[in-house]
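Data first, discussion second: the structure below is written as structure tokens.
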Amino acid sequence: MSRPSTPLLDRIRTPADMAELSDSDLRHLADELRAETISAVSETGGHLGAGLGVIELTVALHAIFDAPRDRLIWDVSHQAYPHKILTGRRDRIRTLRQEGGLSGFTKRAESVFDPFGAAHSSTSISAALGYAAARDLGGRGIDDAGIGDCIAVIGDGAMSAGMAYEAMNNAGHLDKRLIVILNDNEMSIAPPVGAMSSYLSRLYAGAPFQELKSAAKEAVNFLPGPFREGAKRAKDVLKHMAVGGTLFEELGFSYVGPIDGHDMEQLLAVLRTVKSRADGPVLIHAITKKGKGYAPAESAADRGHATTKFDAVTGEKSKAKSNAPSYTSVFAKALTGLAEEDKRICAVTAAMPDGTGLSGFLERFADRGFDVGIAEQHAVTFAAGLAAGGMRPFCALYSTFLQRGYDQVVHDVAIQRLPVRFAIDRAGLVGADGATHAGAFDVAYLSNLPGFVVMAAADEAELVRMVATAAAHDEGPIAFRFPRGEGVGVEMPADPQPLEIGKGRIVREGRGVALLSLGTRLQPALKAAEALAARGIEATVADARFAKPLDREMILGLARDHDALITIEEGAVGGFGSHVAQLLADEGAFDAGLKFRMMTLPDSFIDQASMEAMYRVAKLGAEDIEAKALEVLDVAAIERRA
Ligand SMILES: Cc1ncc(C[n+]2csc(CCOP(=O)(O)OP(=O)(O)O)c2C)c(N)n1
Ligand SMILES: CC(=O)[C@@H](O)[C@H](O)COP(=O)(O)O
Ligand SMILES: [Mg+2]
1 MSRPSTPLLD RIRTPADMAE LSDSDLRHLA DELRAETISA VSETGGHLGA
51 GLGVIELTVA LHAIFDAPRD RLIWDVSHQA YPHKILTGRR DRIRTLRQEG
101 GLSGFTKRAE SVFDPFGAAH SSTSISAALG YAAARDLGGR GIDDAGIGDC
151 IAVIGDGAMS AGMAYEAMNN AGHLDKRLIV ILNDNEMSIA PPVGAMSSYL
201 SRLYAGAPFQ ELKSAAKEAV NFLPGPFREG AKRAKDVLKH MAVGGTLFEE
251 LGFSYVGPID GHDMEQLLAV LRTVKSRADG PVLIHAITKK GKGYAPAESA
301 ADRGHATTKF DAVTGEKSKA KSNAPSYTSV FAKALTGLAE EDKRICAVTA
351 AMPDGTGLSG FLERFADRGF DVGIAEQHAV TFAAGLAAGG MRPFCALYST
401 FLQRGYDQVV HDVAIQRLPV RFAIDRAGLV GADGATHAGA FDVAYLSNLP
451 GFVVMAAADE AELVRMVATA AAHDEGPIAF RFPRGEGVGV EMPADPQPLE
501 IGKGRIVREG RGVALLSLGT RLQPALKAAE ALAARGIEAT VADARFAKPL
551 DREMILGLAR DHDALITIEE GAVGGFGSHV AQLLADEGAF DAGLKFRMMT
601 LPDSFIDQAS MEAMYRVAKL GAEDIEAKAL EVLDVAAIER RA
């Protein structure tokens, strides 16, 4: 596939090189940047639509502001590939999301042009405000570069999360010079939901861009002193630039917009004005189109949010061969089936109807399916309210995003023993999205909560049984976790029955060493047992199913009947293995001479890579389990003695 011709872009090593470009050059630069972004993502896969929607904005921001001294903070940062291309990373852009390559998100360790890392949404205004406060206190940044303007670029989807309002509330109070750009493309991953989204649409609907364009030009030419110094004329001109934005103004922001975020002339004019005049918080409302300038993305239902590698000319995506249904689809099908019978079953997603597989449920049961927007904290407490009201809510969140709602899990759900069912998707390692999206901590942070039931599915047949178990469990909160990607390919139960709470299963009987797996590592544990058998060691393999309550009888039995016990889990230190260790210690198993090891994710964050590479780094593959068994049994010493 030939690469696009990019004569202007080829001259840009850092944003400083843009100084010599005219406004008309900048328009052409944007076209080249768009072509380069499409070309790069066609080779790597990744987030496409959001980046294409901010091409003009990215060029204009880097042309007008002085990064890295001016701190440009991208919310979520899935739209930051064009920013990476302009900020010295073009030569590595085709390594995006690969092991040893560029991260798919902004990352402080990667570049001085990334002043704040992100990947979870709605943090940008808080971070930019913190930078602004540090600047006004004389801080120079930990890079000691000095701090200039602090600019947050946040999407309309991200504006549904409480954190954005907490930050604006504080910004209006602190009244510091701060620039927030609301990138409103009327899209989240799915169409955005909620009253705020409707409010933004109304602002947009009332504002013909043409009038605003002339107002912006007028502002550039005629603005007098800072518009917060009581200069009436400046205020009047900026008022002309704004047609609404009452909510933002009430919060203490000067509202500018809405403006056409693809009109370079208008963008440059507005940014120049704001740069020269702002002395308090300003919100620029830019209207953009997700996927802009690439027809296959623009016409996609998700506006090309994320993609596998594709043919840049035809837009045709490469498809991975699938051998089994995805865990997500198995969960969604099982839940929808149960909801046909049980009118109390509700489903809650936080802006991820497709990612959690719930789109079909939302269509089929419009009154019992809730997309609450990017608002995980609210999702948890909303589900708690549903449970208190006699419903059977399933709160379906990615493990990493549930972290947002932890206090709500403790305070609103666990303490009140409310039967909220947590369907925890993307549990464990996730590959190309890297450390920010890994579901590493859920078992650790849920298994310590009194009264919680915590399950982990070893395969898709187990998952449907866990959905049934959760549906039937009205005694208190219950969670089940399952990974990203496709299942194992096992036969599915025709009539999945609930599991007995706190009961695991022995999958392979042996002696000497017991491999006790929780969740996804069962298959590698079985493979390790095969390899051990070839060496004459018959290992027992058990599937714990429950991290809480533990199957005490099974675990103490394994401890009694084996010389060594190894726990295996795709979760952080402090999870299942730690609870097993406590049980064994309390019951004196170690006093009786049991050898014990825990295999967990390492105590470090694992950067983006293929799943295979990540398991290698985490030492959670079949060969690692085999090696651990040999080590704990001290087979080398035995063989030496023999
Ligand atoms: C806390 C959190 N929840 C969910 C997500 C998943 N997510 C990533 S991007 C996105 C949509 C963001 O929409 P918007 O802010 O409007 O940006 P756009 O993609 O439209 O440019 C969502 C839901 C996330 N990154 N963080
Ligand atoms: C940026 C973001 O948070 C999502 O787009 C995420 O990358 C989706 O991940 P999945 O592909 O696992 O749904
Ligand atoms: Mg959006």
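So in full-length UniProt numbering, spot 562 of the sequence shown is number 562, and the numbers just go up one at a time.
Where is the CB? At the ideal position from N, CA and C, for every residue including glycine.
beta-carbon residue i near ligand 1 non-hydrogen atom, thresh 6 Å
i	result
Asp-407	no
Phe-105	no
Ile-73	no
Phe-361	no
Phe-401	yes
Ile-374	yes
His-562	no
Lys-290	yes
Nearest to residue i (by Cα), restricted to the options the options
i	options	result
Val-330	Val-490, Pro-258, Val-41, Ala-134	Val-490
His-473	Gly-138, Arg-484, Phe-452	Phe-452
Ala-145	Val-153, Ala-134, Ala-152	Ala-134
Ser-517	Val-112, Arg-552, Arg-505	Arg-505
Ala-339	Thr-328, Asp-354, Val-313, Ala-366	Ala-366
Tyr-165	Asp-149, Leu-182, Cys-150	Leu-182
Ala-334	Ala-456, Met-466, Asp-425	Met-466
His-47	Ile-147, Ala-295, His-305	His-305
Met-187	Glu-249, Gly-162, Tyr-445, Ala-50	Ala-50
Ser-121	Met-163, Leu-21, Ala-618	Met-163
Same chain only: Cβ atoms within 6 Å of residue i, ignoring 5 sequence neighbours per side
i	result
Phe-596	Leu-565
Arg-228	The pLDDT assigned to Arg-228 is 35, lower than 50, so where the model puts this residue is not dependable; a value taken from the coordinates is nonetheless given after this. Cβ neighbours of Arg-228 beyond the five flanking positions: Asp-279, Gly-280.
Val-632	Ala-564, Lys-595, Arg-597
Ser-5	none
Ser-322	Glu-486
Ser-254	Val-282
Ser-2	none
Ala-63	Met-18, Leu-26
Leu-630	none
Lys-213	Unreliable placement is indicated for Lys-213, whose pLDDT of 47 sits below 50; the coordinate value is still reported in the next sentence. Cβ neighbours of Lys-213 beyond the five flanking positions: Gln-266.
Leu-200	Asp-156, Asp-184
Residue i CB to nearest heavy atom of ligand 3 below 6 Å
i	result
Gly-155	yes
Asn-448	no
Met-196	no
Met-187	yes
Closer than 6 Å: residue i CB and nearest ligand 2 heavy atom
i	result
residue 644	Outside the displayed span of the chain (1 to 642) sits residue 644, for which this structure offers no information.
Ala-438	no
Gly-355	yes
His-78	yes
Ala-347	no
Ala-627	no
Ala-581	no
Own chain residues within Cβ distance below 7 Å of residue i, not counting five before or after
i	result
Glu-211	Confidence is the limiting factor: at Glu-211 the pLDDT is only 47, short of 50, which leaves the residue's position unreliable and the question unanswerable from this model.
Val-220	Low confidence applies to Val-220: its pLDDT is 45, below 50, so where it sits in the model is not reliable enough to give any reading.
Leu-9	Leu-29, Glu-32, Leu-33, Glu-36
His-562	Arg-511, Gly-512, Val-513, Ala-514, Thr-540
Phe-372	Going by the sequence as given, residue 372 is Val instead of Phe. Counting only Cβ-Cβ distances below 7 Å, and skipping sequence neighbours, we find Val-348, Ala-350, His-378, Ala-379, Phe-382.
Glu-626	Ala-528, Ala-531, Leu-532
Ile-196	In the sequence as displayed, the identity of residue 196 is Met instead of Ile. Only Met-159, Ser-160 meet the Cβ criterion.
Leu-247	Tyr-199
is_contact[residue i, chain D] using C-beta, thresh 7 Å
i	result
Ala-30	No chain D appears in the structure shown, which is made up of a single protein chain.
Close beta carbons around residue i, own chain, < 8 Å, minus the five adjacent residues each side
i	result
Asp-603	Ala-572, Val-573
Gly-53	Gln-79, Asn-183, Asn-185, Gly-261, Thr-288, Lys-289, Lys-290, Gly-291, Lys-292, Arg-303
Closer than 6 Å: residue i CB and nearest ligand 4 heavy atom
i	result
Ala-158	This structure lacks ligand 4; the ligands present are ligand 1, ligand 2 and ligand 3.
* Kindly provide the ranges of any beta strand (DSSP E) runs that are 3 or more residues long and lie completely inside the region 108 to 155, ordered along the chain. => 150 to 155
* Asked: Which runs of the beta strand (DSSP E) spanning at least 3 residues fall entirely within the region 419 to 463, listed in chain order?
  -> 421 to 425, 453 to 456
* **At least 3 beta-carbon pairs within less than 8 Å: the region 259 to 273 vs the region 8 to 16** => no
* At what residue ranges does the region 49 to 85 contain a whole run of the beta strand (DSSP E), taking only runs of 3 or more? -> 71 to 74
* Asked: Counting pairs of Cβ atoms below 8 Å between the region 530 to 538 and the region 575 to 591, do you hit three or more?
  -> no
* Asked: If we count Cβ pairs, one from each stretch, closer than 8 Å, do we get three or more for the region 100 to 107 versus the region 143 to 163?
  -> no
* Asked: Would you call the region 345 to 362 and the region 391 to 408 touching, i.e. three or more CB-CB distances under 8 Å?
  -> yes
* To do: For the region 120 to 132 and the region 164 to 178, state whether three or more C-beta atom pairs, one from each stretch, are separated by less than 8 Å.
  => yes
* Asked: Counting Cβ pairs, one atom from each stretch, are 3 or more of them under 8 Å apart for the region 406 to 420 and the region 81 to 98?
  -> no
* Can you list the beta strand (DSSP E) stretches of 3 or more residues lying completely in the region 311 to 374, in chain order? -> 345 to 349, 369 to 371
* Asked: What runs of the alpha helix (DSSP H), each 4 residues or longer, lie entirely inside the region 529 to 585?
  -> 552 to 561
* In chain order, which continuous runs of the alpha helix (DSSP H) of length 4 or greater are located wholly inside the region 375 to 409? -> 376 to 388, 399 to 402
* Any contact of the region 310 to 329 with the region 339 to 352, i.e. 3+ C-beta pairs under 8 Å? -> no
* Three or more C-beta pairs closer than 8 Å, one from the region 311 to 322 and one from the region 350 to 357: is that the case here? -> no
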